[in-house]
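Below is one structure; the comments refer to it alone.
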Amino acid sequence: MAEKNTQGKPKNRWWQWAILGGLALAIIFLPFPAKASMGTERTFRVDARQFEYEPAILAVNQGDRVTIELVAGDVVHGLSIDGYDLETTADPGQPASLSFVADKAGTYRFHCTTTCGNLHPLMTG
Numbered sequence: 006m007a008e009k010n011t012q013g014k015p016k017n018r019w020w021q022w023a024i025l026g027g028l029a030l031a032i033i034f035l036p037f038p039a040k041a042s043m044g045t046e047r048t049f050r051v052d053a054r055q056f057e058y059e060p061a062i063l064a065v066n067q068g069d070r071v072t073i074e075l076v077a078g079d080v081v082h083g084l085s086i087d088g089y090d091l092e093t094t095a096d097p098g099q100p101a102s103l104s105f106v107a108d109k110a111g112t113y114r115f116h117c118t119t120t121c122g123n124l125h126p127l128m129t130g
């Protein structure tokens, strides 16, 4: 039996149906987050010489699959990326590589992990 207001007439519930319908439409048409991009495959050749990397800046997007080929031109050089548990070492004439997914947003420095001379602490990218 329908509820009656104080005047004895059934209460009009159209506004309740309007709210429910609006909520249903909002749920249906709200944008859902897009699937995370699988990223792009990026490969870099990094030439290491006392006391520099070339290139010194590697730009990638979050989600990219990154491969770095380290080529030592003079003495043994290492490469480690801050914020990632990655490290590789290259002997002259024997390139080394490391691969990872750039799953963190931000800017990260990389540096030489093998003492390559007096200015070794300045060898960063």
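Position one of the sequence shown corresponds to residue 6 (the numbering used here), numbered consecutively onward. Every residue, glycine too, gets a C-beta built ideally from N, C-alpha and C.
1) Please state whether the Cβ-Cβ distance between residue 91 and residue 82 is less than 8 Å.
2) Can you tell me the Cβ-Cβ gap for residue 55 and residue 122, rounded? I've got them flagged as a contact below 8 Å.
3) One question on the structure: do residue 71 and residue 107 come within less than 8 Å of each other, judged by their Cβ atoms?
4) Would you identify the three-state DSSP class for residue 127, choosing helix, strand or coil?
5) Is the distance from the Cβ of residue 69 to the Cβ of residue 88 below 8 Å?
6) Find out if the Cβ-Cβ distance for the pair residue 58, residue 51 is shorter than 8 Å.
This is what the structure holds:
1) Taking the sequence shown and counting its residues from 1, the one referred to as residue 91 is at position 86. Taking the sequence shown and counting its residues from 1, the one referred to as residue 82 is at position 77. Taking 8 Å as the cut-off, the Cβ atoms of residue 91 and residue 82 do not count as close.
2) The residue given as residue 55 occupies position 50 in the sequence shown. The residue given as residue 122 occupies position 117 in the sequence shown. Confirmed, Cβ separation roughly 5 Å.
3) As a first step, residue 71 must be located in the sequence shown, where it is residue number 66. As a first step, residue 107 must be located in the sequence shown, where it is residue number 102. Yes; because the gap between Cβ atoms is below 8 Å, this pair is in contact.
4) Reading the sequence shown from its first residue, position 122 is the one you call residue 127. In the structure shown, residue 127 sits in a helix (DSSP, three-state: H, G or I).
5) Numbered from its first residue, the sequence shown carries residue 69 at position 64. Numbered from its first residue, the sequence shown carries residue 88 at position 83. Between residue 69 and residue 88, the CB-CB gap reaches or exceeds 8 Å.
6) Reading the sequence shown from its first residue, position 53 is the one you call residue 58. Reading the sequence shown from its first residue, position 46 is the one you call residue 51. Yes, Cβ-Cβ distance for residue 58 and residue 51 is below 8 Å.
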